[in-house]
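> Numbering (this note's numbering), first residue to last: 91 to 651.
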């Protein structure tokens with residue numbers, strides 16, 4: 091009898107928790123309201139219990155929703171409000187472009203805000219009308235950055251930073267070894283700032299019909315009042331929220347439907363008084379996990395620092411790293427699945443482990459032997475992020491993506507002086523001439539330094555070799571003039587032949603489908619997103635990603651990128 095109840099609960103959940111549609115109001119014209127706030131992940135995630143403290147929405151999901159709004163004939167307009175927007179430059183650029191396409195489709199688009207900064211203004215600049223409250227401030231102040239250098243602090247603490255780098259522009263270790271940036275690091279940062287600022291200025295100028303010099307002049311004014319911003323053509327209306335809504339209703343018609351839940355599903359609730367409710371909940375999660383059948387473009391994510399091995403299931407959600415074991419397994423799955431016609435590798439990573447990057451690079455080349463692989467670069471695809479990308483058939487980046495950084499850096503912090511200051515005494519036991527290679531109690535000996543230099547030089551040459559093999563004649567300069575740790579924006583990388591096109595995730599999916607001659611397809615995330623709880627249960631039952639439970643401890647103290 092108990093089994094019958096469980097089966098009944100699972101069957102009922104398929105009906106009870108079906109997606110909430112708008113079939114009854116399908117033909118009724120509507121104004122869609124979207125409120126953007128909080129974190130925007132790359133990889134789709136499930137957070138069923140809200141344990142993360144924030145609502146997760148992925149870049150893919152947001153872009154898909156904006157595309158549905160553009161194509162939906164029942165939608166006559168889009169109204170946007172927002173809170174905190176901790177988005178990267180690449181994400182802002184792709185959302186900007188999606189809003190531009192909605193505007194060009196003939197739909198009215200509106201934004202109502204209390205305050206605006208430079209990035210947010212660039213993001214929303216394509217909309218028909220920007221409305222601000224009378225007491226707001228437009229913080230059109232430009233770009234500003236700071237570099238932190240800890241050598242002075244480390245010296246006072248008695249800590250010695252022992253670092254090596256391959257490439258004069260590979261400056262990641264300078265935070266520990268210098269009190270100010272090197273000439274090369276400062277040069278690199280300035281050309282990045284020039285390119286990023288130029289992209290923001292172009293976004294605003296093109297969207298608002300202003301000359302670029304005019305936008306730069308407005309930025310140099312700094313803070314703008316609502317009236318001065320209106321006079322400059324930056325905003326259309328100065329009004330309170332209720333006045334904003336009343337005006338839109340009058341423009342679009344009093345009977346217009348304002349849809350605050352466009353394409354949303356009912357949130358899952360668990361009735362704790364029902365002993366079978368938990369099984370109902372699990373059935374719902376299993377149902378949501380499926381990405382559908384039929385031909386597909388596979389979408390695999392490399393998000394966060396690149397690290398070796400497999401991710402441990404965590405009921406509180408992912409840890410924010412790109413594990414080579416999980417990613418290579420996903421790529422292998424995509425390669426073996428005949429319904430997957432091409433693969434898009436979405437990369438948003440600052441780099442990480444050389445070994446882990448090599449493993450992912452190898453998996454990409456193996457997929458490429460069977461079907462097209464296209465890379466879509468997000469906010470950043472630098473160092474190891476470029477390493478895993480360079481072997482693809484085609485690479486797309488945003489203008490504002492930070493990429494390349496072809497070089498190697500690594501080292502350790504030697505803490506003996508600090509322990510001496512506080513009276514700590516250590517006694518070491520050693521077997522093997524280099525067993526203390528990564529010990530924080532000793533500097534490298536001359537032989538050890540040469541050993542590390544030789545190893546890092548090999549990694550660097552391998553990296554450059556992969557870039558040459560993958561990009562070949564596309565490179566605009568000899569590899570040593572492009573590499574050396576230099577970081578570029580996507581716009582600069584295009585000129586150098588490091589990427590093939592400027593475009594976002596949606597463009598990369600279309601490019602992959604074109605290479606595969608696929609016309610009728612779905613986008614399938616690999617592996618399928620599941621809730622952290624379901625992933626943990628699969629792991630406990632032996633169904634996780636890891637090939638076995640046999641673990642080997644590997645030091646992560648030395649990550650060369």
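Just so you know, even glycine gets a beta-carbon here, dropped at the ideal spot from N, CA and C. Predicted, not measured: the structure shown is a model, and the values here were computed from it.
Return the Cβ separation of residue 484 and residue 464 in integer angstroms, given the expectation that the two are a contact with Cβ distance under 8 angstroms.
Position 394 of the chain shown, counted from the start, is the residue given in the question as residue 484. Position 374 of the chain shown, counted from the start, is the residue given in the question as residue 464. Contact holds; Cβ gap of about 5 angstroms.
> Just to confirm my understanding: we take residue 122, look at its own chain, exclude 5 residues before and 5 after, and list those with CB closer than 6 angstroms. What are they?
As a first step, residue 122 must be located in the chain shown, where it is residue number 32. Around residue 122: 159, 165, 168, 349, 352.
> In terms of residue numbering, what span does the beta strand (DSSP E) encompassing residue 331 cover?
Along the chain shown, read from residue 1 onward, the residue named residue 331 stands at position 241. No beta strand (DSSP E) holds residue 331; the alpha helix (DSSP H) holding it covers 331-342.
> Measure the Cβ-Cβ separation of residue 241 and residue 267 and say whether it is below 7 angstroms.
Counting from one through the chain shown, the residue named residue 241 turns up at place 151. Counting from one through the chain shown, the residue named residue 267 turns up at place 177. For residue 241 and residue 267, yes; Cβs fall inside 7 angstroms.
> Going by DSSP, what residue range makes up the alpha helix (DSSP H) through residue 491?
Within the chain shown, the letter at position 401 stands for residue 491. No alpha helix (DSSP H) contains residue 491, which DSSP labels as neither H nor E.
> Quick one, which of 581, 595, 219, 608 has its alpha-carbon nearest residue 290's?
Taking the chain shown and counting its residues from 1, the one referred to as residue 290 is at position 200. Measuring from the Cα of residue 290, the nearest candidate turns out to be 581.
> What does DSSP give as the partner residues of residue 436 in its beta bridges?
Here residue 436 refers to the residue found at position 346 of the chain shown. Note: residue 436 sits in a beta bridge opposite 391, 466.
> Just verifying my parser: in three-state terms, what is the DSSP assignment at residue 251?
Translated into positions along the chain shown, residue 251 becomes position 161. If DSSP states are grouped into helix, strand and coil, residue 251 belongs with the strands.
> Just how far apart, CA to CA, sit residue 263 and residue 603?
As a first step, residue 263 must be located in the chain shown, where it is residue number 173. As a first step, residue 603 must be located in the chain shown, where it is residue number 513. Near 41 angstroms, if we compare the C-alpha coordinates of residue 603 and residue 263.
> Consult DSSP for residue 266 and reduce its assignment to one of helix, strand or coil.
By 1-based counting over the chain shown, the position of residue 266 is 176. Of the three classes helix, strand and coil, the one that applies to residue 266 here is helix, per DSSP.
> Tell me where the beta strand (DSSP E) around residue 171 begins and ends.
For the purposes of this step, residue 171 is taken as the residue at position 81 of the chain shown. Where residue 171 is concerned, the enclosing beta strand (DSSP E) stretches over 165-172.
> Out of curiosity, what's the CA-to-CA distance linking residue 583 and residue 495?
Here residue 583 corresponds to residue number 493 of the chain shown, with the count starting at 1. Here residue 495 corresponds to residue number 405 of the chain shown, with the count starting at 1. Roughly 11 angstroms between the two C-alpha positions.
> Counting C-beta neighbours from all protein chains within 10 Å, is the total for residue 469 16 or more, i.e. buried, or is it exposed?
One-based indexing of the chain shown puts residue 469 at position 379. By the neighbour-count rule (16 or more Cβ atoms within 10 Å), residue 469 is buried.
> Tell me whether the beta-carbon of residue 508 lies closer than 7 angstroms to the beta-carbon of residue 249.
Numbered from its first residue, the chain shown carries residue 508 at position 418. Numbered from its first residue, the chain shown carries residue 249 at position 159. Contact: yes.
> Can you tell me the Cα-Cα spacing of residue 424 and residue 488, whole angstroms?
Reading the chain shown from its first residue, position 334 is the one you call residue 424. Reading the chain shown from its first residue, position 398 is the one you call residue 488. Roughly 25 angstroms between the two C-alpha positions.
> On the criterion of 16 or more Cβ atoms from any shown chain inside 10 Å, does residue 514 qualify as buried, or is it exposed?
Working through the chain shown from its first residue, we reach residue 514 at position 424. By the neighbour-count rule (16 or more Cβ atoms within 10 Å), residue 514 is not buried but exposed.
> Go ahead and pull the three-state DSSP assignment for residue 200.
Position 110 of the chain shown, counting from 1, holds the residue named residue 200. Strand, per DSSP.
> Assess contact between the stretch 224-243 and the stretch 316-325, defined as three or more Cβ pairs (one per stretch) separated by less than 8 angstroms. Is contact present?
Yes: the two stretches touch, three or more of their Cβ pairs being nearer than 8 angstroms.
> Within the stretch 559-624, note down every full beta strand (DSSP E) run reaching 3 residues or more, in order along the chain.
Whole beta strand (DSSP E) segments, 3+ residues: 577-579, 612-615.
> Report the rounded CA-to-CA distance for residue 287 versus residue 232, giving the unit in angstroms.
Your numbering for residue 287 matches position 197 in the chain shown. Your numbering for residue 232 matches position 142 in the chain shown. Distance between the alpha carbons of residue 287 and residue 232 is about 7 angstroms.
> If you follow the beta strand (DSSP E) that residue 56 is in, where does it begin and where does it stop?
Any property of residue 56 remains undetermined from this structure, which presents the chain solely from 91 to 651.
> Report yes or no: do three or more beta-carbon pairs, one from the stretch 598-618 and one from the stretch 516-525, lie closer than 8 angstroms?
No, they do not touch.
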